[in-house]
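The next block holds one structure in the form of structure tokens; read it before the comments.
Numbering (the working numbering), first residue to last: 167 to 341.
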């Protein structure tokens with residue numbers, strides 16, 4: 167059995183000194199502030215998603231002709247494409263409404279949006295410019311701004327997970 171003096175010596179060796187405590191406290195406070203800021207961003211984007219994506223999806227599902235004309239202008243869309251897009255947008259809107267209460271577990275919804283908007287800008291926008299579409303620049307500006315907002319709100323570290331990129335993962339999954 168250890169004597170109290172031996173236990174104190176072990177504790178003294180295990181616990182960091184006051185300088186480390188201060189830096190750990192400051193680091194912890196900064197991390198908490200960043201987490202609260204990230205959560206506010208996520209809630210703001212989720213609120214906008216719930217209204218815009220959910221409303222657009224509902225419009226496309228309940229009134230596909232009117233919704234297609236309002237959202238896409240003169241561009242002709244197949245009913246199947248309109249219904250599919252409406253169901254995806256409504257799903258994003260409903261998940262976003264759920265994310266207002268506890269946004270962290272639904273961060274993948276934001277990642278999906280950020281990546282899909284970046285993909286649209288890289289693939290569809292150049293074709294619209296070549297075809298001299300009237301609304302190409304306006305759509306690109308809107309999607310770029312929204313893509314940046316969703317990318318900023320996405321909790322990338324939580325989604326990608328630290329163990330995947332650390333030595334722990336490689337030790338458990340040798341190549």
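The beta carbon of each residue, even a glycine, is placed where N, CA and C say it ideally should be.
Assigned exposure category for residue i - 16 Cβ within 10 Å defines buried
i           : result
residue 255 : buried
residue 304 : exposed
residue 295 : exposed
residue 245 : exposed
residue 130 : Summary: the structure shown does not reach residue 130, with the chain confined to residues 167 through 341, and so no result is reported for it.
Backbone secondary structure at residue i - three-state DSSP
i           : result
residue 305 : helix
residue 285 : helix
residue 310 : helix
Beta-carbon contacts of residue i that lie in its chain and below 7 Å, excluding the five residues immediately before and after
i           : result
residue 275 : 258, 261, 262, 265
residue 277 : 320, 325
residue 284 : 313
Contact set for residue i: own chain, Cβ-Cβ below 6 Å, skip 5 residues either direction
i           : result
residue 317 : 280
8 Å CB neighbourhood of residue i in its chain, flanking five on each side removed
i           : result
residue 286 : 309
residue 290 : none
### Query
Considering only residues of the region 195-280, which uninterrupted alpha helix (DSSP H) runs meet the minimum length of 4 residues and lie entirely inside it, listed in chain order?
Whole alpha helix (DSSP H) segments, 4+ residues: 230-238, 245-265.
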